[in-house]
Amino acid sequence: MQAFAAAYPEEEFVQQVAAQLPWFHLCVIITRIKDTEERLFYLKKTIEHGWSRNILVHQIESGLHLREGTSTTNFALTLPPPQSDLAHQTLKDPYIFDFLTLSEEVQEMDLENALISHIQDFFLELGVGFAYLGRQYHLSIGDQDFYLDLLFYHTKLHCYVVIELKAHEFKPEYAGKLNFYLSAVDDLIRQDGDNPTIGILLCREKNKAIAEYVLRDIQKPMGVSEYQLTRALSEELKGRLPCVEEIEKVIEEVEITTSVVPKCSIEIKAFNSGEMSKKENSPDNHSPDQT
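Using our numbering, read the sequence shown as starting at 2 and increasing by one per residue.
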C-alpha cells in the first residue's frame, strides 16, 4: 500500500485511472515500471483494451511503449489528420514474433504459415481492431491471378489492411508491388463508407532513410516495419548469463574430467582387485587344517 501511495499520490488520478484496474494489475505496473510516463502508458492501454494480467506482463516485457507508433509511414501525406494519427499509432516497429519456433533463415511462406497457425498470438502482437479475412487472398486483374499475403479489416480505422511479408531487407520495389495491391483492393473490394486501404510491409530489416524516400511520393497509405523472431535480452538478464569464454572453460573442464575419471576408475578397480588377491592368499585368510 505504501508503494502504491508513493507511486500514485494524486487522489484525482487514483479515482479516474487507477481505480478502474484490479489490484494485481496495479502491482504489476508498480513493481515492473519505475518511470511515471511509462506507467501511465500501460495504465491507459490496459483500461482501453481490457488486458488480462498475463497480457499486461507480455506487453511490458516486449517494450510496447517503445514500439507503438514508430513505423516508417506516409500516413501524414495520404490520410486526413484524425485517420492518419490513429493509423500511425496502430503500427509498431519492430513487430516481435517470438512465439514462433523458426530459424532466422525462414522463408516467407513458412513465416506466413506459422503466423496463421498462431493466429491468436499474431492478433495480440498486431493490436486491437484487426479482423482476419484471409491469406493468399486471390485477386483476378487483367486475366492474371494475384495473391495478397494477408488481408485484414480494421474495425477502428474502418479500412482494409494488406500485409505483405518479406524475409529479406526492405527493397524499393516491394513498395511498388504493395501500391498495386492497394489500388486493386480499393477498386475491387472496398465499399462505400470504407476508408482508403492501408498497406503494411513487414521486412526482416529496413534502412529507414531508403524507406522514407520510397514512401514520400507514393499516393497510397503505406507503412514499413521490421519483424523479429526473437526478443532482445534485457541488460540485466545479459549480465546474468555466462560469456562465451566462461562456457568454453566449463566445456574444457568437463572434457578433462570425462577423459580422466574412467582411467582413475580402472586403476582403483585394479588396485582393489590386487588387494583382494593379496588378502585371499595371506595366511590369515587360510582355514586351519582339519585333523
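Beta carbons are placed, not taken as given, at the ideal position from N, Cα and C, and that holds for glycine.
Can you list, in chain order, the residues of its chain with a C-beta nearer than 6 angstroms to that of residue i? Leave out the 5 residues immediately preceding and following it.
{"i": "residue 40", "result": "30, 34"}
{"i": "residue 140", "result": "147, 185"}
{"i": "residue 200", "result": "163, 179, 183, 223"}
{"i": "residue 72", "result": "92, 94, 224, 226"}
{"i": "residue 169", "result": "205"}
{"i": "residue 207", "result": "171, 225, 227"}
{"i": "residue 173", "result": "215"}
{"i": "residue 177", "result": "none"}
For residue i, count neighbouring Cβ atoms within 10 angstroms of its own Cβ and tell me buried if that reaches 16, exposed if not.
{"i": "residue 197", "result": "buried"}
{"i": "residue 233", "result": "The predicted position of residue 233 is uncertain, since its pLDDT is 48 and thus under 50; a value taken from the coordinates is nonetheless stated next. Its Cβ having fewer than 16 others within 10 Å, residue 233 is exposed."}
{"i": "residue 214", "result": "exposed"}
{"i": "residue 209", "result": "exposed"}
{"i": "residue 108", "result": "exposed"}
{"i": "residue 98", "result": "buried"}
{"i": "residue 20", "result": "exposed"}
{"i": "residue 36", "result": "exposed"}
{"i": "residue 218", "result": "exposed"}
{"i": "residue 24", "result": "exposed"}
{"i": "residue 189", "result": "exposed"}
{"i": "residue 74", "result": "buried"}
{"i": "residue 150", "result": "buried"}
{"i": "residue 342", "result": "The shown model of the chain, from 2 to 292, leaves out residue 342, and the question about it has no answer."}
{"i": "residue 238", "result": "Reliability of the predicted coordinates at residue 238 is poor, the pLDDT of 41 falling under 50, and no value is obtained from them."}
Report the partner residues of residue i according to the DSSP bridge assignment.
{"i": "residue 146", "result": "141"}
{"i": "residue 166", "result": "203"}
{"i": "residue 295", "result": "The chain is shown only over 2 to 292; residue 295 falls outside these bounds and no answer can be derived."}
{"i": "residue 160", "result": "155"}
{"i": "residue 132", "result": "154"}
{"i": "residue 73", "result": "225"}
{"i": "residue 96", "result": "228"}
Kindly give me the distance between the Cβ atoms of residue i and residue j, rounded to whole angstroms, as I take these residues to be in contact under 8 angstroms.
{"i": "residue 76", "j": "residue 222", "result": "5 angstroms"}
{"i": "residue 171", "j": "residue 129", "result": "Not really, about 26 angstroms apart at Cβ, beyond 8 angstroms."}
{"i": "residue 175", "j": "residue 205", "result": "About 12 angstroms; that fails the 8 angstroms criterion."}
{"i": "residue 126", "j": "residue 96", "result": "6 angstroms"}
{"i": "residue 202", "j": "residue 167", "result": "6 angstroms"}
How is the beta strand (DSSP E) around residue i delimited, first residue to last?
{"i": "residue 205", "result": "199 to 206"}
Considering only residues of the same chain and omitting the five flanking positions on each side of residue i, which have a CB-CB separation below 7 angstroms?
{"i": "residue 152", "result": "134, 135, 138, 161, 163"}
{"i": "residue 192", "result": "none"}
{"i": "residue 88", "result": "76, 80, 158, 199, 222"}
{"i": "residue 235", "result": "Low confidence applies to residue 235: its pLDDT is 44, below 50, so where it sits in the model is not reliable, and the reading given next is rough at best. No residues qualify anywhere along the chain."}
{"i": "residue 54", "result": "25, 26, 29"}
{"i": "residue 32", "result": "none"}
{"i": "residue 142", "result": "185"}
What is the residue span of the alpha helix (DSSP H) that residue i lies within?
{"i": "residue 31", "result": "24 to 33"}
{"i": "residue 180", "result": "173 to 189"}
{"i": "residue 66", "result": "65 to 68"}
{"i": "residue 118", "result": "109 to 118"}
{"i": "residue 298", "result": "Within the shown structure, residues of the chain are numbered from 2 to 292, placing residue 298 beyond reach of any answer."}
{"i": "residue 60", "result": "54 to 62"}
What residues in its chain sit with their C-beta under 8 angstroms from that of residue i, if we drop five residues either side in the sequence?
{"i": "residue 57", "result": "26, 29, 30, 43, 47"}
{"i": "residue 195", "result": "159, 160, 161"}
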